[in-house]
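Peer 1: Got a structure here, written out as structure tokens. Questions coming.
Residue numbers (this note's numbering): 8 to 189.
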């Protein structure tokens, strides 16, 4: 049975001794990218990624498929990011002048991306959070509107609206990038 298809429902005899390795190999990069999409901070995204992996290990679940497992893990990551963003209001803040420059998004294949792809990704990352998350999950992770609605806890029409408005916000930036590359 393929590694990604081996979920608790399909492999009930699997021990959790190998679980951390499988989870990290399968989901760490996805969790990190989703967290960075929400938080735009490499350090916060790494912290949340570790927390999510620990939560998943501490509370084993049964899943119908690998897709169901992946969706649940992304939902846990999204909720953890939202919790962190809510708590920032009570945490100490740093003046913008004292803050370090933001780190670039951690991405295993970033060196392979073309300049245009990096420009598009940067434009997506500059969108407001609701639009950024919807655009990222739809175009970069390949989720449908219905799946995104379930993941982020919004209605399908709200996600469709966010995608439409996000594309509208990206259109002028991307048209300008096309002219620059000609």
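From the three backbone atoms N, C-alpha and C, an ideal C-beta is built for every residue, glycine too.
(1) Would you mind sorting residue 1 into buried or exposed? The rule is 16 or more other CB atoms within 10 Å of its CB.
(2) Helix, strand or coil for residue 134, going by three-state DSSP, please let me know.
(3) Skipping 5 residues on each side, what residues in its chain have a beta carbon closer than 7 Å to that of residue 31?
(4) What span of residues does the alpha helix (DSSP H) with residue 144 cover, start to end?
(5) Does DSSP classify residue 27 as helix, strand or coil?
(6) Return the Cβ separation of residue 181 and residue 127 in integer angstroms, given the expectation that the two are a contact with Cβ distance under 8 Å.
(7) Please name the residue in 163, 177, 94 whose C-alpha comes closest to that of residue 131.
(8) Quick one: what does DSSP say residue 45 is sitting in, helix, strand or coil?
(9) Between residue 28 and residue 55, what straight-line distance do the alpha-carbon atoms span, to the nearest angstrom?
(10) Using the three-state DSSP reduction, which class does residue 69 fall into: helix, strand or coil?
(11) Would residue 46 be called buried (16 or more neighbouring beta carbons within 10 Å of its own) or exposed?
(12) Evaluate residue 147 with the Cβ neighbour count: other Cβ atoms within 10 Å of its Cβ, from every protein chain shown; 16 or more gives buried, anything less gives exposed.
(13) Shortest alpha-carbon distance to residue 138 belongs to which of 66, 171, 63, 37?
(14) Do residue 82 and residue 158 come within 8 Å of each other at the CB atom, strictly closer than that value?
(15) Tell me the rounded alpha-carbon separation between residue 169 and residue 89.
(16) Please report the Cβ distance between residue 69 and residue 34, rounded to the nearest whole angstrom; I am assuming they are in contact, meaning their Cβ atoms lie under 8 Å.
(17) Answer with buried or exposed for residue 156, where buried requires no fewer than 16 other C-beta atoms within 10 angstroms of its C-beta.
Peer 2: So, from the data block:
(1) Since the first and last residues shown for the chain are 8 and 189, residue 1 lies out of range.
(2) coil
(3) 60
(4) Element bounds for residue 144: n/a, residue is neither H nor E.
(5) helix
(6) 7 Å
(7) Here the closest residue by C-alpha is 177.
(8) In this structure, residue 45 counts as helix in the three-state DSSP scheme.
(9) 18 Å
(10) Per DSSP, reduced to three states, the secondary structure at residue 69 is coil, with no helix or strand assignment.
(11) Burial state of residue 46 is buried, judged by a 10 Å Cβ sphere holding 16 or more other Cβ atoms.
(12) In the assembly as shown, residue 147 is an exposed residue. Its beta-carbon has fewer than 16 other beta-carbons within 10 Å.
(13) 171
(14) yes
(15) 17 Å
(16) In this structure residue 69 does not touch residue 34 by the C-beta definition: roughly 17 Å separates them, more than the 8 Å allowed.
(17) buried
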